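**Student:** Quick one: structure below, then a few questions.
Protein chains: 2
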Amino acid sequence: MDTAIDLSNPSAALDLNNIRFQLIRLEDTITFHLIERVQFPLNPTVYTTGAIPGLHPTFPTKGGSTSEGSLSLLDWNLREQERLQSLIRRYQSPDEYPFFPDALQTPILPPIQYPRILHPNDVNINAKLKEKYTNEIMPAACAQYGRPERPEAQENFGSAVTCDVMCLQALSRRIHFGKFVAESKFQKETDRFVALIKAEDRIGIDAAITDAKVEQKVLERLRLKANTYGKDPAGLAEETPVKVNADAVVSMYKDYVIPLTKEVEVEYLMQRLNNTQWE
Amino acid sequence: MDTAIDLSNPSAALDLNNIRFQLIRLEDTITFHLIERVQFPLNPTVYTTGAIPGLHPTFPTKGGSTSEGSLSLLDWNLREQERLQSLIRRYQSPDEYPFFPDALQTPILPPIQYPRILHPNDVNINAKLKEKYTNEIMPAACAQYGRPERPEAQENFGSAVTCDVMCLQALSRRIHFGKFVAESKFQKETDRFVALIKAEDRIGIDAAITDAKVEQKVLERLRLKANTYGKDPAGLAEETPVKVNADAVVSMYKDYVIPLTKEVEVEYLMQRLNNTQWE
Chain A
1 MDTAIDLSNP
11 SAALDLNNIR
21 FQLIRLEDTI
31 TFHLIERVQF
41 PLNPTVYTTG
51 AIPGLHPTFP
61 TKGGSTSEGS
71 LSLLDWNLRE
81 QERLQSLIRR
91 YQSPDEYPFF
101 PDALQTPILP
111 PIQYPRILHP
121 NDVNINAKLK
131 EKYTNEIMPA
141 ACAQYGRPER
151 PEAQENFGSA
161 VTCDVMCLQA
171 LSRRIHFGKF
181 VAESKFQKET
191 DRFVALIKAE
201 DRIGIDAAIT
211 DAKVEQKVLE
221 RLRLKANTYG
231 KDPAGLAEET
241 PVKVNADAVV
251 SMYKDYVIPL
261 TKEVEVEYLM
271 QRLNNTQWE
Chain B
1 MDTAIDLSNP
11 SAALDLNNIR
21 FQLIRLEDTI
31 TFHLIERVQF
41 PLNPTVYTTG
51 AIPGLHPTFP
61 TKGGSTSEGS
71 LSLLDWNLRE
81 QERLQSLIRR
91 YQSPDEYPFF
101 PDALQTPILP
111 PIQYPRILHP
121 NDVNINAKLK
131 EKYTNEIMPA
141 ACAQYGRPER
151 PEAQENFGSA
161 VTCDVMCLQA
171 LSRRIHFGKF
181 VAESKFQKET
191 DRFVALIKAE
201 DRIGIDAAIT
211 DAKVEQKVLE
221 RLRLKANTYG
231 KDPAGLAEET
241 PVKVNADAVV
251 SMYKDYVIPL
261 TKEVEVEYLM
271 QRLNNTQWE
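If you read the protein sequences in the order shown, they are chains A and B. Going by full-length UniProt numbering, the residue at position 175 of the first sequence is 175; the numbering climbs one at a time, nothing skipped. Going by full-length UniProt numbering, the residue at position 127 of the second sequence is 127; the numbering climbs one at a time, nothing skipped.
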């Protein structure tokens with residue numbers, strides 16, 4: 001049976017074979033969640049700040065609500081989920097990064113002492129991921145080519161943003177796994193990367209971490225997964241609706257997941273020689 | 001593209017073809033969530049009341065925590081998730097039933113006026129479902145036949161109960177869809193069911209709603225789905241670990257999902273002639 005990567009063991013967590021296994025496994029998770037999301041219409045209202053009144057952030061410090069600011073339904077739900085999930089230690093794990101760091105609370109579970117795996121860094125590109133997700137990835141994934149857009153359904157607003165949280169968290173985890181990839185590569189070819197980092201040669205770093213053949217294989221595998229998981233294996237082809245648009249899944253990886261992962265790797269390496277310590 | 005059943009339209013919601021489509025689609029959802037859950041060990045500590053100190057229920061009325069009672073981590077997380085999800089109207093939907101009705105809060109989204117689809121009833125077998133899930137379904141699903149049980153991993157406690165909530169909610173939705181099946185059958189063969197209900201003939205009702213051939217087909221389809229979604233379609237058979245135990249998925253349906261769905265159908269029909277009105 002497959003198992004999750006062991007982050008309590010630094011040499012296992014930085015073994016490129018284990019990382020590769022985890023990244024391939026996350027493709028399944030991401031595809032599953034996306035298939036669940038696109039059962040519902042795009043419902044752009046849920047992504048629009050102020051479109052639904054009364055959605056304000058709650059802050060952990062006082063435990064009560066404030067009326068400051070206004071959020072989209074997605075942001076409200078994502079923020080509240082992060083508040084809640086922080087209580088059961090989600091953001092203590094070195095592979096989890098919040099979209100709303102100011103919403104996190106002190107866990108009610110005893111803390112886990114994870115070993116140091118990564119160099120201290122503040123790389124978090126969730127804001128960019130969320131912007132791409134709501135404005136580009138979701139509109140493409142929910143589109144039914146050659147047919148009109150499904151009308152908004154307010155009965156599905158909650159379902160849509162519940163699925164969105166699952167999709168965004170899985171995508172964020174996949175993309176920030178780039179830090180483990182980068183650290184592993186740095187440890188393997190330290191001299192080469194030290195020279196590139198000292199020269200602030202982001203393009204050189206990007207070239208050093210890019211393997212076009214592997215990227216092509218990832219995209220081919222994604223298409224196969226979208227096609228396999230995206231239809232009922234017992235259904236007759238002519239009467240079984242396709243659950244997800246395979247082109248949209250492949251584009252999501254090609255245009256967003258892979259480039260954002262590389263951005264994480266480059267920015268992580270740019271901080272790799274800093275003397276900063278964890279707070 | 002496939003779409004969720006339209007519960008704002010009573011005749012669509014009670015059309016047996018639409019219900020059948022939704023039930024088949026929920027098999028995918030349940031299988032996906034189960035595959036995600038069994039990445040992690042069983043971690044029986046998360047199901048044990050009092051095993052982790054400090055987990056107390058919070059109540060919606062006062063908005064603060066109390067120190068009364070003690071919960072397992074699963075119950076704590078499921079209860080807090082229901083509190084949060086009730087705010088975005090999850091439990092207004094006629095196909096959603098809470099595990100902790102006393103935790104629900106008034107939605108912050110404007111209410112949706114769903115049409116009357118079902119007869120007033122108080123059937124909710126989530127307590128039984130949760131008991132079977134934690135004591136029987138999960139131990140079987142997490143077992144790796146012929147190999148020792150994976151040791152507990154406290155780094156995965158939060159991940160495990162996060163997945164458990166998804167599994168339980170999907171299973172609950174599937175099982176309580178029995179009400180729609182029962183209502184549809186009642187409307188088709190009203191005289192027959194009225195006689196059985198008046199005679200309090202639960203065995204006769206169970207026989208009237210049972211189709212052994214259809215049940216056999218469901219189990220065969222489940223095995224195919226578990227095998228298809230449970231392995232990487234691009235992986236080499238010898239090196240790709242199986243993600244889920246297909247026998248456990250089939251048994252879950254055979255021994256729990258199908259019998260509990262029929263129990264919902266029978267109990268719903270037993271209340272079908274009552275004069276009770278919705279509060």
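Glycine is no exception: its CB is placed at the ideal position from the N, C-alpha and C atoms. Remember, it's a predicted structure, so these values are computed and weren't measured experimentally.
Take ASN275/B and list the residues in its own chain whose beta-carbon comes closer than 7 Å to its own, dropping the five residues that flank it on each side.
**Tutor:** Here residue 275/B refers to the residue found at position 275 of the second sequence. Closer than 7 Å at the Cβ level, and outside the excluded window around ASN275/B, lies no residue.
**Student:** Got a sec? Which residues, its chain only, sit under 7 Å from ALA248/B by beta carbon, not counting five neighbours each side?
**Tutor:** Taking the second sequence and counting its residues from 1, one reaches residue 248/B at position 248. Closer than 7 Å at Cβ, skipping near neighbours: ALA140 and ALA141.
**Student:** What number of angstroms, rounded off, separates the C-alpha of THR240/A from the C-alpha of LEU171/B?
**Tutor:** The sequence position of residue 240/A within the first sequence is 240, counting from 1. The sequence position of residue 171/B within the second sequence is 171, counting from 1. Between THR240/A and LEU171/B, the C-alpha separation is close to 22 Å.
**Student:** Could you tell me which chain B residues have their CB closer than 8 Å to the CB of THR29/A, listed as they occur along the chain?
**Tutor:** Indexing the first sequence from 1 puts residue 29/A at position 29. Correct list: GLU36.
**Student:** Which bits of chain B does ILE52/A rub up against, with CB to CB less than 7 Å?
**Tutor:** For the purposes of this step, residue 52/A is taken as residue 52 along the first sequence, with counting starting at 1. The contacting residues are LEU109.
**Student:** Please list the terminal residues of the continuous alpha helix (DSSP H) segment that includes ASP28/B.
**Tutor:** Counting from 1 along the second sequence, the entry for residue 28/B is found at position 28. 16 to 37 is the span of the alpha helix (DSSP H), which, as asked, contains ASP28/B.
**Student:** Along chain B, which residues have their Cβ under 7 Å away from the Cβ of LYS213/A?
**Tutor:** As a working note, residue 213/A is residue 213 in the first sequence. In chain order: nothing, as chain B lies at least about 15 Å away.
**Student:** Going residue by residue through the stretch 179 to 240 of chain B, where are the continuous beta strand (DSSP E) segments of at least 3 residues, counting only ones entirely within it?
**Tutor:** Counting whole runs of 3 or more residues, the stretch 179 to 240 of chain B contains no beta strand (DSSP E) stretch at all.
**Student:** Taking the alpha-carbon of ILE125/B as reference, which of PRO10/B, PHE100/B and ALA143/B has the nearest alpha-carbon?
**Tutor:** Taking the first residue of the second sequence as 1, we reach residue 125/B at position 125. The option with the nearest alpha carbon to ILE125/B is PHE100/B.
**Student:** Based on Cα-Cα distance, which residue from GLY235/A, VAL264/A and TYR91/A lies nearest to SER159/B?
**Tutor:** Translated into positions along the second sequence, residue 159/B becomes position 159. Comparing Cα-Cα distances from SER159/B to each of GLY235/A, VAL264/A and TYR91/A, the minimum goes to TYR91/A.
**Student:** For PHE186/A and ALA234/B, I'd like the C-alpha separation in whole angstroms.
**Tutor:** Your numbering for residue 186/A matches position 186 in the first sequence. Your numbering for residue 234/B matches position 234 in the second sequence. Computed Cα separation, rounded: 29 Å.
**Student:** Applying the 10 Å Cβ sphere with the 16-neighbour rule, what's the burial state of GLN216/A?
**Tutor:** Within the first sequence, residue 216/A is the residue found at index 216, counting from 1. Its Cβ having fewer than 16 others within 10 Å, GLN216/A is exposed.
**Student:** Residues in its own chain within less than 6 Å of GLY178/A by CB, not counting five upstream and five downstream?
**Tutor:** On the first sequence, position 178 is the one that residue 178/A refers to. So the qualifying residues of the chain are THR261, VAL264 and GLU265.
**Student:** Per DSSP, what kind of secondary structure is SER11/A in: helix, strand or coil?
**Tutor:** Sequence index remark: in the first sequence, residue 11/A carries index 11 (1-based). In this structure, SER11/A counts as helix in the three-state DSSP scheme.
**Student:** On the three-state DSSP scale, how would you describe LYS132/B?
**Tutor:** Taking the first residue of the second sequence as position 1, residue 132/B is located at position 132. It is helical.
**Student:** So which of VAL214/A, ASP232/A, ASP28/A and THR45/A has the shortest CA-CA distance to GLU152/A?
**Tutor:** Within the first sequence, the letter at position 152 stands for residue 152/A. Comparing Cα positions, the closest option is THR45/A.
**Student:** Do you know offhand how far PHE59/A's Cα is from THR134/A's?
**Tutor:** By one-based count along the first sequence, residue 59/A stands at place 59. By one-based count along the first sequence, residue 134/A stands at place 134. Rounded to whole angstroms, PHE59/A to THR134/A spans 24 Å at the Cα level.
**Student:** Any idea if ALA13/B is buried or exposed, counting beta-carbon neighbours within 10 angstroms, 16 or more meaning buried?
**Tutor:** Within the second sequence, residue 13/B is the residue found at index 13, counting from 1. Burial call: buried.
**Student:** With DSSP as the reference, label GLN92/A as helix, strand or coil.
**Tutor:** Working through the first sequence from its first residue, we reach residue 92/A at position 92. GLN92/A falls in the helix class under three-state DSSP.
**Student:** Below 9 Å on C-beta distance, what does LYS225/A contact in chain B?
**Tutor:** Counted from its first residue, the first sequence places residue 225/A at position 225. Ordered by position in chain B, the residues that pass the 9 Å Cβ test against LYS225/A are ASP232, PRO233 and ALA234.
**Student:** Would you say the stretch 190 to 207 of chain B touches the stretch 16 to 29 of chain B, given that touching needs at least three Cβ pairs under 8 Å?
**Tutor:** These segments do not touch.
**Student:** Between the C-alpha atoms of LEU71/B and GLY50/B, what's the straight-line distance to the nearest angstrom?
**Tutor:** Indexing the second sequence from 1 puts residue 71/B at position 71. Indexing the second sequence from 1 puts residue 50/B at position 50. Cα to Cα, the separation comes out at about 6 Å.
**Student:** Scan the stretch 2 to 13 of chain A for residues whose Cβ lies nearer than 9 Å to a Cβ of chain B and list them as they occur along the chain.
**Tutor:** Against chain B - using a Cβ distance shorter than 9 Å - the residues of the stretch 2 to 13 of chain A are ASP2, THR3, ALA4, ASP6, LEU7 and SER8.
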